[in-house]
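The block underneath contains the structure these notes are about, expressed in structure tokens.
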Ligand SMILES: [Zn+2]
Ligand SMILES: [Zn+2]
């Protein structure tokens, strides 16, 4: 396969990163919100309260398979709308995605990547493992902000933005 142009590399890489990540967000969130799925499938990954890198792979086989749907869907979308997928952006995406998963399960502070805006850091995912709700995003933390599932410490308790909004509505109704 011939080398891609810079433009082709950038947009195919960006498409894989963004579409796969928004799919992962909803897939992961549903694995928590559906009690049956959580108990039977996703709970295995959450046996790790302080994850080590390899625990990124410590998931139920069905969760692993379900997680690849985002990649297949992105490939299909690019293939059907824009033509063939170049292997360079695809393998770069696969490398970045896997390294990022290893990082956020490493238990190490995100020293460099904390400066990349909206990058999902180790601290972001550690909080998810500690609280078992909220902070569902992986690569880009802005999905949690957008869909109000980012965790905030309020009065010593961890709450999602949606819960804070609900508390505020209740306080206003009671006033
Ligand atoms: Zn989870
Ligand atoms: Zn995890």
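In our numbering, the protein residues as written are 94 to 268.
The C-beta atom is built at its ideal place from N, Cα and C for all residues, glycine as well.
Our contact map puts residue i next to residue j with C-beta atoms below 8 Å; I'd like the distance itself, whole angstroms only.
| i | j | result |
| --- | --- | --- |
| residue 164 | residue 113 | 5 Å |
| residue 131 | residue 125 | 6 Å |
| residue 234 | residue 212 | 7 Å |
| residue 200 | residue 154 | That belief does not hold up - the Cβ atoms of residue 200 and residue 154 are roughly 25 Å apart, past 8 Å. |
| residue 181 | residue 120 | The pair is not a contact, with the Cβ atoms about 26 Å apart (cut-off 8 Å). |
| residue 151 | residue 134 | No, residue 151 and residue 134 are not in contact; Cβ-Cβ is about 13 Å, not under 8 Å. |
| residue 247 | residue 257 | 7 Å |
Cα-Cα, which of the options is closest to residue i?
| i | options | result |
| --- | --- | --- |
| residue 202 | 245, 210, 215, 258 | 215 |
| residue 241 | 188, 118, 103, 158 | 118 |
| residue 229 | 152, 162, 176, 123 | 123 |
| residue 187 | 151, 106, 152 | 106 |
| residue 148 | 160, 198, 255 | 198 |
| residue 251 | 227, 205, 96 | 227 |
| residue 243 | 249, 221, 263 | 221 |
| residue 217 | 245, 181, 239 | 245 |
| residue 141 | 219, 256, 266, 260 | 219 |
| residue 224 | 185, 266, 253, 264 | 253 |
Assign residue i to buried or exposed, taking buried as 16 or more other Cβ atoms, counted over all protein chains shown, within 10 Å of its Cβ.
| i | result |
| --- | --- |
| residue 268 | exposed |
| residue 175 | exposed |
| residue 166 | exposed |
| residue 196 | buried |
| residue 158 | exposed |
| residue 110 | buried |
| residue 237 | buried |
Going along the chain, which residues of its own chain have a beta-carbon closer than 8 Å to the beta-carbon of residue i, five neighbours each way excluded?
| i | result |
| --- | --- |
| residue 172 | 178 |
| residue 38 | There is simply no residue 38 to check, as the chain begins at 94 and stops at 268 in what is shown. |
Keeping to the same chain, check which residues put their C-beta closer than 7 Å to that of residue i; ignore five residues upstream and five downstream.
| i | result |
| --- | --- |
| residue 104 | none |
| residue 108 | 167, 171 |
Return the chain-ordered list of same chain residues with a C-beta closer than 6 Å to the C-beta of residue i, the five sequence neighbours on each side being excluded.
| i | result |
| --- | --- |
| residue 194 | 149 |
Which residues, in chain order, sit with a beta-carbon under 6 Å away from any heavy atom of ligand 2?
That query returns the following residues: 138, 144, 198, 218, 222.
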